[in-house]
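Peer 1:
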Ligand code: A2P
């Protein structure tokens with residue numbers, strides 16, 4: 001396998017105590033049709049700040065919502081993955097994008113709307129935002145990115161870094177390796193950036209866009225279609241990529257999604273993507289207990305995980 005070298009990155013040029021100010025230039029819905037979930041693509045102009053040209057795809061920026069909580073303390077910083085490539089949105093180094101889903105929940109019969117996500121989703125072009133970052137130094141494409149194939153697993157807004165990676169590979173690097181993007185969401189209306197990925201699928205023979213919609217048709221055994229079920233159900237597309245020694249695996253999204261992915265990879269014999277602690281290898285992966293797995297199964301050297 002080619003040597004896997006991660007690029008050096010800039011970290012925390014701006015901290016919560018010393019944030020910078022960036023300006024919204026666009027804010028649009030990036031799900032396919034009218035969905036009860038509201039996911040938006042928000043782009044900022046970072047001109048004149050030290051963030052310009054110094055935020056890599058895979059990193060995050062911090063957003064400081066204005067105002068205070070019920071205890072009179074300033075609202076906490078929230079991190080958002082960058083969904084624009086390293087060379088900037090549309091190739092402009094001063095433009096950085098992120099992908100935001102409005103958090104809306106009912107708790108004890110009361111509507112709860114997430115502070116930072118709704119603040120961001122409400123912003124209009126010209127609005128100024130206090131920002132920090134960049135942060136994150138491992139969930140990155142390697143330096144020699146053209147030497148690898150990629151399997152990307154995303155749920156929900158976990159798609160953000162993969163939009164950035166995929167744009168970077170095809171639009172900036174003339175990439176001709178193999179990519180599989182496996183995206184999971186509840187309903188077809190929640191497919192994020194679907195037009196872009198469908199276009200990539202049509203344009204690039206070696207790009208596979210696999211969607212796992214969990215609350216519509218079920219799998220033949222009655223279970224939900226989750227990103228991890230694609231390892232079983234989409235073997236013709238995934239096996240040839242997963243079996244190559246220069247393939248890297250990235251997982252981003254809901255905490256817990258990694259467990260199912262590791263279990264199915266192990267069942268299929270793709271154990272090089274995970275590391276098993278002590279004598280866990282003795283146990284048949286089909287019998288793995290999800291709680292014990294969290295302690296005993298970790299990502300391998302070719303696997304990158306960002307779950308929250
Ligand atoms: P479901 O909620 O039907 O169980 P979103 O971020 O838009 O809510 O989408 C998350 C997607 O991830 C949904 O399809 C959700 O399915 C699915 N999901 C929930 N838990 C897991 C898990 N442990 N592994 C993989 N996918 C999951």
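Residue numbers (our numbering): 1 to 308. Each residue gets a CB set at the ideal place from its N, CA and C atoms; glycine is no exception. Computed from a predicted structure; not experimentally measured.
(1) When DSSP labels each residue in this structure, what does residue 6 get in the three-state scheme?
(2) Output yes or no for whether 8 Å exceeds the beta carbon distance between residue 83 and residue 60.
(3) Taking C-beta to C-beta, are residue 261 and residue 237 nearer than 8 Å?
(4) Do residue 58 and residue 360 count as a contact pair if the criterion is CB distance below 8 Å?
(5) Could you have a look at residue 44 and say whether DSSP puts it in helix, strand or coil?
(6) So within the region 49-134, which uninterrupted beta strand (DSSP E) runs reach at least 3 residues, ignoring any that extend past its ends?
(7) What are the partner residues of residue 179, as DSSP defines its beta bridges?
(8) Kindly examine the ligand A2P and report whether one of its heavy atoms sits closer than 7 Å to the Cβ of residue 221.
(9) Would you list, in sequence order, the uninterrupted alpha helix (DSSP H) runs of no fewer than 4 residues that lie entirely inside the region 232-293?
(10) Would you mind working out which of 269, 226, 134 and 259 sits nearest residue 10, comparing C-alpha positions?
(11) Is the region 24-38 close to the region 115-131, with three or more CB pairs under 8 Å?
(12) For the ligand A2P, is there a heavy atom less than 7 Å away from the beta-carbon of residue 186?
(13) Report the rounded CA-to-CA distance for residue 197 versus residue 209, giving the unit in angstroms.
(14) Determine, using beta carbons only, whether residue 248 comes closer than 8 Å to chain C.
(15) Less than 7 Å between the CB of residue 311 and some heavy atom of the ligand A2P, yes or no?
(16) Taking 6 Å as the limit between beta carbons, can you name the residues of its chain near residue 20, skipping five residues before and five after?
(17) Got a sec, what are the start and stop residues for the beta strand (DSSP E) residue 319 sits in?
(18) Quick one, which of 192, 187, 112 and 308 has its alpha-carbon nearest residue 162's?
(19) Can you tell me whether residue 257 sits near the ligand A2P, meaning its C-beta is under 7 Å from at least one heavy atom of the ligand?
(20) When burial is assigned at 16 or more other CB atoms within 10 Å of the CB, is residue 99 buried or exposed?
(21) At a threshold of 7 Å, does residue 117 count as lining the ligand A2P (C-beta to nearest heavy atom)?
(22) Whole-angstrom Cβ separation of residue 389 and residue 233, contact assumed at under 8 Å?
(23) Using CA coordinates, which residue listed in 272, 264 and 258 is at the minimum distance from residue 294?
(24) Between which two residues does the beta strand (DSSP E) harbouring residue 22 extend?
(25) Count the other C-beta atoms from every protein chain shown that fall within 10 angstroms of the C-beta of residue 117, then say buried if there are 16 or more, exposed otherwise.
(26) Closest to residue 271 by CA distance: which of 7, 176 and 244 is it?
(27) What do you get for residue 2, buried or exposed, if any count of 16 or more other CB atoms within 10 angstroms of its CB means buried?
(28) Return yes when at least one heavy atom of the ligand A2P lies under 7 Å from the C-beta of residue 124, else no.
(29) What number of angstroms, rounded off, separates the C-alpha of residue 167 from the C-alpha of residue 85?
Peer 2: The answer reads as follows:
(1) coil
(2) no
(3) no
(4) Residue 360 falls outside the range modelled here, since the chain spans only 1 to 308, and no answer is possible.
(5) strand
(6) 60-64, 78-81, 95-101, 104-107 and 110-113
(7) 150 and 207
(8) no
(9) 235-242 and 257-267
(10) 134
(11) yes
(12) yes
(13) 7 Å
(14) Among the chains of the structure shown, chain C does not appear; only one protein chain is present.
(15) Residue coverage of the chain in this structure runs from 1 to 308, which leaves residue 311 outside it and unanswerable.
(16) 14, 49 and 131
(17) There is simply no residue 319 to check, as the chain begins at 1 and stops at 308 in what is shown.
(18) 192
(19) yes
(20) buried
(21) no
(22) The structure shown does not extend to residue 389, since the chain is modelled only from 1 to 308, so the question has no answer here.
(23) 258
(24) 20-29
(25) buried
(26) 244
(27) exposed
(28) no
(29) 6 Å
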